[in-house]
Amino acid sequence: MADRLVDLILKNIDKDKLLQVQYERLLVEYTRSLFNVTDSVFDDGYRSLLRYADLLSISELEIHNNLAQQIIILLGQLFPNEEEVAIFKESVYQNVSNFASLEFVKAKNDIIVQHDFLRDVGNYTHQIINRIPDSDKIFFDTQRFALKDISASQYYSFSAPTSMGKTFVIINFIKNKLKENVSENFVIVVPTRALLSEIANKLINELKDYLGANCHKVITTMTAVQQDEKFIAVLTPERLYHSLLKQPEIEFKYLFIDEAHKISDKDKRSIIYYKILDMLKERPFVHIYFSSPVIPNPDIYLELTNFYNQDGNKVSGRSFRFSPVIQNKIYLDLNQKTAYVVNALSNQLVPCGNLLDGVSDKLGAVTRLGGKCNLIYVSSANKAVIYAMELCQRIGTCTNKIEPELNAIAKQIEQKIHKEYYLARMIRHGIAYHIGALPAEIRAKIESLLRKGLIKYCFCTSTLLEGVNVPADNLFVFDNKKGPSAMSTIDAFNLIGRAGRVTLNEMGNVYILIDDKRKQKYFDEVLLKPLPNQELLPQKALEKKHKKAIVSTLLQGKTNLIEAGEKYSDRGFTETSYEYATKCLNMLVHDICAKNDSYIVRDFRKDDVLTPQNIIDIRRIFGEIVSKDDDINISALQKYSLYQAVSNTEISYPDNFDYHTCLSFLKKLSQIFNWPIYEKGTLGKGDRLNYYTVILLQWMEGHGLHEIIRGAISHYQEQGGRLVSYDPTYHLEKYNGSANHKNQVINEAMKDIEQIINYKFSMYFLRFSEAIIKIRGEKALINDWYEYVEYGTCNEQVIGLQKHGFLREQALLLTKNPYSAFVAYLDGQLKISSEIFEVSDEDMLETLGTVRINYPEIFVDGESE
C-alpha cells in the first residue's frame, strides 16, 4: 500500500507548479553564480526543493533520480555551509545507490549526519547487496542490474549514460568468470586503436589476481595467441574481423561490443560490425553483449544475432538513464551576449542574463569560465592545434613558473616527435591538444596530466571523447560536427556526458558556444527533444538511390561505383557515403553469391531495390570470382585481378628497402588493385604514393617516430609539395619550411601512419600475402610486408616484444642500451632479466610492471643470455 502511495504521489510530480518554479529558479541562480552575479539566500523555496529531491530519489524512474541529484548538488554549490543541504544530499545519494558520490561527499564534509535506527539498517543492507565481493567498491543499482542480466543471458544489449561505468560492468563479469575457473576465451571490441592499450592495461591491473588460474593472457592482437593459452582479447572491429576470416580455428565464448551505437554510424567502419555478427551466426555457442551510451532502443542490435531464432529468451535489452554524475547544460549565445540554461523539466531554454565582459568569443568564454580542468571539443585536429596555439598566445606568457612534470613531458615530446612541435611548447603552460594522430604513449601522458590537474585546458577531437575518462570540471563545445559532418544525436549526448567524472566530481558544466542559428537549431534538437531510436543501415548513411546504384553497378559486372576522373558528387555521394556504399557493395555481392540471407540482403530486398531476378543475375556474373572469399575490404574484381597477377607474373615483395625498388612495386600494386578508382583520395591520388613510400619504408625498417617525421620533413624540403591552409579560406600553400608548415607535416605524417600505413597498406598487403600463400605455397612468402606494417618493424625481437604487450616505441627502446643487455629473444622465445627494473625510467617501469602481471613466465633472475 505504501509503495502504491509513493507511486501515486510521484506519478505527476513533473507537473507540480511549485517544483517547476523553484527548480527553474535554482537553475538560473546557479548559472548566474558562474558569472559571479548572484546573492542567493537559502529560503523556504529552496527548502521545499530539498523535500522534492528526497521524494524524487525514491522514485523508480531513473530520470527522477537524476533530477533529485541535480537539485541537491546545485543547492550544495550555492549554499556549501548549509547543514540541512548536506543532510539531504547524503540521503538522496543513498536512496539512488550513488555510493561513489556518497563517499566523495562524506570525505569532504565535516558534518556527521545522524539517521534513525531503521534508516541506518536499510542503508547498510542496501550497501551489502551492492558490494562487490573481494573489493571495497560498491555497485550502483543499475550496474548490478546490468551485470545480473548479462550473467543470465546469451544475448543482451544495454545502454547507459557515459558515467554509469559500462566497462566496469564488463570487467566484473569477466572477473566473476575467472573466479569460477572457467577456461573460455573473451573478446572486447572497442571502436578505435587509441583505446586498445588503455583498456588492456586496465584489464590486466583489475584482473591481476585471477589471470593465472587458467593461464589467461590479455592481448590486443590475435597473432599474440600462443598454443594452450587462454585469452582476453581487446580488439578493434577490423582486428576481430581479420581473426574470424583468417584464424577461424581460434574460438571464444564471450564477446562484448563496447560503444555498440557505432553500428548505426554512417561511415565505412560500421559495415564491419554487420559482417562480424553475420559470421558469428555460424557459432551458436558464442555469447554476445552490446553496450552503448544512452539510446532508447538498445535491443535493435540483437536483430544482428541469433537472439530472435531462440526460444525462451526472457531478457533482451534495457536502456538505463541513471547517471551518477550530473551535467548542467548551458548555452552561451555569443551573438546576443546572453546565457541560457537547459531546463530538464520543461525541456526549454531559460535565459540567465548577460554574459560577462570578456566573453566575446569562444576562447574568451574558456578563459573567463574555465575551472581546474577544461576540455574543449572541436571538430578537427587542425582546429585543435590552431585554438590551442591561440590560447597559448593569450595566456601562456602569464605563467611564470613551469611545473617540473610538465617540463619533463615537454622534453619527451621534443625527443620523440620533434623539437619544434607546438605541443611541447604549450604543454609547459598547462595547455594541450589531444588528437588521434598522436602516439599512444603521448596521449596517455596528456590524460595522466589532466587527471593530476596539471593541464588546465585541453583541446580535443572525438578521440578523447570516445572512451577515455578524465575528470573534467567543464566541457566547452565549440562545434556540432565530427570532422566535416554533423555529429549524430547519440554522439552529441556521449560528448556531453564526458563532463564530470564519478569519484572525482559530482557534476560537470557543459558550455555550448552558439555563434550561428544552425548550431543552435542542432543543439535544440539534441537537448530539448526525446532521443531518436537507432537504426540499422541508417537511411542517412545509405539512401535508396545509393542502393539502386549498387545493384545497377553489379548488374553491369562492375564493382566500382564511380569511374576514373569522376568526383564523388558526380554520382550523388560524399566521400563518407561513397566509402560506406562500397563496403555495402562488397558485402552484398559476397552474400548473394554465397546464398547467405544476411541482414544486408534482406534490407535491399525489403527496400524493393533487389529483385529475385537481380539475385540470379548477380550470382551468375560474380559466382566464380567471389568463390568462398569472405573479405569485404576489397571488391570482387580487385580480388580477381590480384589472383591473376600472382598466378601469371613473378610479382613478389622486394628483397630490400631501396626507395625506387619499393616505389616500383607499389605502383604495380596500384595497377592490380586499381587504386586511382578505389583509393582515389589517398593511394591513388596523383603522386602521393611517392610520399607514402617514404613513410612506409621508414616504418617497416623500425625507425623511431622522430626519425620518420624528420624523413617526412626532408621529403618536403627536397621534393617540394603543397599543404592545405584554411587561413582565411581553403587553399593550397607551397611548403616553405616555417614552423607552421613543419607542424602540419608532423601531424600529417602521424595521421598517415595511422590511416594510410596501418590501415590502407595493411589491408592490401594482407591480401597480397594471402594470395602468394594460396597460389604459390607458404614457403614462397618472403619478407611479409603485412607483418612488417602491423608491428612497424622487420626485427623479430621487436615484434616479439610487442606481442607481449610493449608499445612499438618501447619495444624499439628495449633493443638499445641500457636495456638490450637484459632482453633476449631466441627461437621465438622472449626472456627478460628482472634486473632490468634497476635501470629503467618511470615510464618503462610502469610498462614492465604491467607486462610482468600478464606474462610472468618471461621474466628470469640474472642477466638474459
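Everything in the sequence shown is counted per our numbering, starting at 461 for the first residue and increasing by one. Glycine included, C-beta positions come from ideal geometry on N, C-alpha and C. Small disclaimer: the values here were computed from a predicted structure and weren't measured.
Bounding residues of the alpha helix (DSSP H) (the contiguous stretch that carries residue i)
i, result
"residue 553", "543-555"
"residue 811", "No alpha helix (DSSP H) contains residue 811, which is instead part of the beta strand (DSSP E) from 808-814."
"residue 1193", "Per DSSP, residue 1193 belongs to no alpha helix (DSSP H); it is in the beta strand (DSSP E), 1191-1194."
"residue 1143", "Here residue 1143 belongs to no alpha helix (DSSP H), and DSSP marks it neither H nor E."
"residue 1108", "1096-1108"
"residue 714", "No alpha helix (DSSP H) holds residue 714; the beta strand (DSSP E) holding it covers 714-717."
"residue 1166", "1165-1179"
"residue 536", "522-538"
"residue 1263", "1256-1263"
Start-to-end residues for the beta strand (DSSP E) that takes in residue i
i, result
"residue 418", "Shown here, the chain extends from 461 to 1325; a query on residue 418 therefore has no answer."
"residue 1036", "Taken as a continuous stretch (DSSP letters only), residue 1036 belongs to no beta strand (DSSP E), being part of the alpha helix (DSSP H) at 1035-1053."
"residue 934", "934-937"
"residue 789", "786-793"
"residue 801", "798-803"
"residue 920", "917-920"
"residue 1184", "1182-1185"
"residue 748", "747-752"
"residue 836", "834-837"
Whether residue i touches residue j by CB criterion (8 angstroms)
i, j, result
"residue 785", "residue 1020", "no"
"residue 676", "residue 715", "no"
"residue 755", "residue 613", "no"
"residue 713", "residue 645", "yes"
"residue 967", "residue 533", "yes"
"residue 780", "residue 556", "no"
"residue 1246", "residue 1259", "no"
"residue 914", "residue 890", "yes"
"residue 822", "residue 656", "no"
"residue 1262", "residue 1275", "no"
"residue 482", "residue 515", "no"
"residue 538", "residue 490", "yes"
"residue 996", "residue 763", "yes"
"residue 931", "residue 833", "yes"
"residue 583", "residue 554", "yes"
"residue 963", "residue 564", "yes"
"residue 1225", "residue 1249", "yes"
"residue 815", "residue 792", "yes"
"residue 951", "residue 941", "no"
"residue 535", "residue 506", "yes"
"residue 732", "residue 697", "yes"
"residue 1254", "residue 1197", "no"
"residue 722", "residue 998", "no"
"residue 1158", "residue 1167", "yes"
beta-carbon residue i near the ligand NAD non-hydrogen atom, thresh 7 angstroms
i, result
"residue 779", "Of the ligands one can find in the structure shown there are none, so the ligand NAD has no counterpart to examine."
Which residues DSSP lists as bridging residue i, in chain order
i, result
"residue 1228", "Note: residue 1228 sits in no beta bridge, so no partner."
"residue 1280", "Answer by DSSP bridge pairing: none, since residue 1280 is not bridged."
"residue 1289", "1286"
"residue 892", "918"
"residue 495", "Partner(s): none; residue 495 has no beta bridge."
"residue 473", "Looking at the DSSP assignment, residue 473 forms no beta bridge with any residue, so it has no partner."
"residue 616", "749"
"residue 1320", "1293"
"residue 942", "945"
Supposed close pair residue i, residue j - CB separation, criterion 8 angstroms
i, j, result
"residue 638", "residue 667", "6 angstroms"
"residue 767", "residue 615", "4 angstroms"
"residue 835", "residue 935", "5 angstroms"
"residue 1126", "residue 1228", "Residue 1126 to residue 1228, Cβ: 11 angstroms. No contact."
"residue 548", "residue 513", "6 angstroms"
"residue 1113", "residue 1242", "7 angstroms"
"residue 1294", "residue 1320", "7 angstroms"
"residue 750", "residue 734", "No, residue 750 and residue 734 are not in contact; Cβ-Cβ is about 13 angstroms, not under 8 angstroms."
"residue 1045", "residue 1013", "7 angstroms"
"residue 1052", "residue 1075", "6 angstroms"
"residue 881", "residue 873", "6 angstroms"
Neighbour flag for residue i against chain C, beta carbons, 8 angstroms
i, result
"residue 1214", "Although the question refers to chain C, the structure presented lacks it and comprises just one protein chain."
Beta strand (DSSP E) runs wholly inside the region 944-1003, at least 3 long, in chain order: 967-974
Length at least 3, wholly inside the region 619-702: the beta strand (DSSP E) runs in chain order: For the region 619-702, whole beta strand (DSSP E) runs of length 3 or above, ordered along the chain, are 646-649, 676-679 and 690-695.
Complete runs of the alpha helix (DSSP H) confined to the region 1119-1153 [at least 4 residues]: 1119-1133 and 1135-1138
Completely contained beta strand (DSSP E) runs for the region 586-616, where each covers 3 or more residues: none
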